[in-house]
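Chemist: Here it is, the structure in full.
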Amino acid sequence: MGKPIAYYPKLAKPLGGVSSAILFSQLFYWQDKATSELGVYKTRDELEDETGLSHNEQRTAIKKLSDRGVLIVTEKRLVHKTYYKIDNETVNKVLSDFAKSMIELSRDIKSMQPELNIVDAVMATKSSSLDQEITTEITTNNNRSSCDDKRNPKKNHIIDFDLIIDAYNDAVEDKLPKVVKMTTARKNAVKKLLKEFDAPTFQNLANYFYDFAEKANRFYFGENDRGWRADFDYIVKTTTYLKFIEGSL
Numbered sequence: 001m002g003k004p005i006a007y008y009p010k011l012a013k014p015l016g017g018v019s020s021a022i023l024f025s026q027l028f029y030w031q032d033k034a035t036s037e038l039g040v041y042k043t044r045d046e047l048e049d050e051t052g053l054s055h056n057e058q059r060t061a062i063k064k065l066s067d068r069g070v071l072i073v074t075e076k077r078l079v080h081k082t083y084y085k086i087d088n089e090t091v092n093k094v095l096s097d098f099a100k101s102m103i104e105l106s107r108d109i110k111s112m113q114p115e116l117n118i119v120d121a122v123m124a125t126k127s128s129s130l131d132q133e134i135t136t137e138i139t140t141n142n143n144r145s146s147c148d149d150k151r152n153p154k155k156n157h158i159i160d161f162d163l164i165i166d167a168y169n170d171a172v173e174d175k176l177p178k179v180v181k182m183t184t185a186r187k188n189a190v191k192k193l194l195k196e197f198d199a200p201t202f203q204n205l206a207n208y209f210y211d212f213a214e215k216a217n218r219f220y221f222g223e224n225d226r227g228w229r230a231d232f233d234y235i236v237k238t239t240t241y242l243k244f245i246e247g248s249l
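Just so we're aligned: 191 in full-length UniProt numbering is position 191 of the sequence shown, and the numbers increase by one with no gaps anywhere.
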């Protein structure tokens with residue numbers, strides 16, 4: 001199975017998607033272990049072994065991170081080596097700008113589970129300056145009166161459906177139709193599916209999408225006499241999920 005990797009779901013949105021966040025988290029892990037001022041040296045095969053991201057997924061993730069200025073890529077063609085370096089100053093700015101935009105959007109957003117939480121408390125990541133930890137706290141409005149608390153004893157639980165769309169589209173790439181809009185019916189289907197997991201987390205849902213894209217029978221990818229392909233609505237059905245994990249799909 002390989003070793004588990006550090007992954008921060010809250011980074012997915014500001015960094016351009018799940019694949020980008022996974023690659024960023026892995027490179028960040030190696031950052032303070034780099035022996036070159038150019039950053040971390042990794043081959044595409046090594047990154048695939050460590051993260052599970054295909055070469056194509058890595059290419060897309062690297063472009064997104066580079067476009068945002070958080071990743072500096074240096075190619076040494078003569079020695080056939082590529083180095084990756086995290087620009088911490090830009091990372092802090094990207095996360096800070098994202099935090100501000102989310103605070104403006106909502107003063108009281110909380111998720112169903114910590115993994116699905118967008119901005120309820122803390123967005124944190126190690127700094128590559130060896131031992132310094134950079135923590136950006138994203139606070140919600142704590143100035144509600146006690147009367148307000150009594151009138152609203154329950155907090156709203158909001159799932160980041162945009163993040164789920166990103167995870168699904170990253171997983172299926174061009175193999176299956178992309179998701180553009182999360183309708184009410186789709187939101188309800190996702191909520192129902194989450195109840196089937198041992199832990200109803202974003203990570204488990206994303207893992208299911210990736211597992212389906214990698215392991216499901218080619219029949220579901222158009223290799224049949226009808227040319228039919230599975231889509232998001234089919235994959236998030238609880239019956240599809242149960243058949244998939246039981247090996248009867």
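Even for Gly, the Cβ is constructed at its ideal location relative to N, Cα and C.
Pick out whichever of Arg229, Asn188, Ala167, Glu214 has its Cα sitting closest to the Cα of Phe202.
Modeler: As a position in the sequence shown, residue 202 is number 202, starting the count at 1. Comparing Cα positions, the closest option is Ala167.
Chemist: Mind checking whether the beta-carbon of Arg186 lies closer than 6 Å to any heavy atom of the ligand ZN?
Modeler: For the ligand ZN, the structure offers nothing, since it holds no ligand at all.
Chemist: Tell me the rounded alpha-carbon separation between Ala206 and Val79.
Modeler: Numbered from its first residue, the sequence shown carries residue 206 at position 206. Numbered from its first residue, the sequence shown carries residue 79 at position 79. Their Cα atoms are separated by approximately 37 Å.
Chemist: Just mark Gly39 as buried or exposed, buried being the case when its beta carbon has 16 or more other beta carbons within 10 Å.
Modeler: In the sequence shown, residue 39 corresponds to position 39, counting from 1. Buried, because 16 or more other Cβ atoms sit within 10 Å of the Cβ of Gly39.
Chemist: Can you tell which of Asn188, Asn169, Glu173 has the C-alpha that lies nearest to the C-alpha of Ile159?
Modeler: To locate residue 159, count along the sequence shown from 1; it is residue 159. Taking only the C-alpha atoms, the option nearest Ile159 is Asn188.
Chemist: So, are the CB atoms of residue 270 and Asp211 less than 7 Å apart?
Modeler: One cannot answer for residue 270 here, as it falls past the ends of the chain, which runs 1 to 249.
Chemist: Which residues in the same chain as Glu194 place their Cβ atom closer than 7 Å to its Cβ, once the five residues preceding and following it in sequence are excluded?
Modeler: To locate residue 194, count along the sequence shown from 1; it is residue 194. Residue 194 is actually Leu in this sequence, not Glu. Only Pro200, Leu205 meet the Cβ criterion.
Chemist: Take Asp174 and list the residues in its own chain whose beta-carbon comes closer than 6 Å to its own, dropping the five residues that flank it on each side.
Modeler: On the sequence shown, position 174 is the one that residue 174 refers to. So the list is empty, once near-sequence residues are dropped.
Chemist: Tell me, which residues are paired with residue 265 by DSSP?
Modeler: The structure shown does not extend to residue 265, since the chain spans only 1 to 249, so no value can be given for it.
Chemist: In the DSSP assignment, find the alpha helix (DSSP H) that holds Glu75 and state where it starts and stops.
Modeler: For the purposes of this step, residue 75 is identified with residue 75 of the sequence shown, where counting begins at 1. Unbroken run through Glu75 is the beta strand (DSSP E), 71-76; no alpha helix (DSSP H).
Chemist: Check the DSSP bridge columns for Arg229 and list the partner residues they point to.
Modeler: The residue you call residue 229 lines up with position 229 of the sequence shown. Note: Arg229 is bridge-paired with Phe221 in the DSSP secondary-structure output.
Chemist: Identify the continuous alpha helix (DSSP H) that holds Lys64 and give its terminal residues.
Modeler: Here residue 64 refers to the residue found at position 64 when the sequence shown is read from its first residue. Run containing Lys64: 55-67, per the alpha helix (DSSP H) assignment.
Chemist: Could you please give me the residues that DSSP links to Val40 through a beta bridge?
Modeler: Reading the sequence shown from its first residue, position 40 is the one you call residue 40. Beta-bridge pairing links Val40 to Tyr84.
Chemist: Check this for me: beta carbons of Lys63 and Ile72, under 7 Å apart or not?
Modeler: To locate residue 63, count along the sequence shown from 1; it is residue 63. To locate residue 72, count along the sequence shown from 1; it is residue 72. At the C-beta level, Lys63 and Ile72 stay beyond 7 Å of one another.
Chemist: Starting from Leu11 and walking both ways along the alpha helix (DSSP H), at which residues does that stretch end?
Modeler: Within the sequence shown, numbered from 1, the residue matching residue 11 stands at position 11. First-last for Leu11: undefined, no H or E at that position.
Chemist: Given this structure, state the Cα-to-Cα distance separating Arg151 from Val172, to the nearest angstrom.
Modeler: Position 151 of the sequence shown, counting from 1, holds the residue named residue 151. Position 172 of the sequence shown, counting from 1, holds the residue named residue 172. The predicted model places Arg151 with a pLDDT of 47, which falls under 50 and marks its position as unreliable, so this point remains unresolved.
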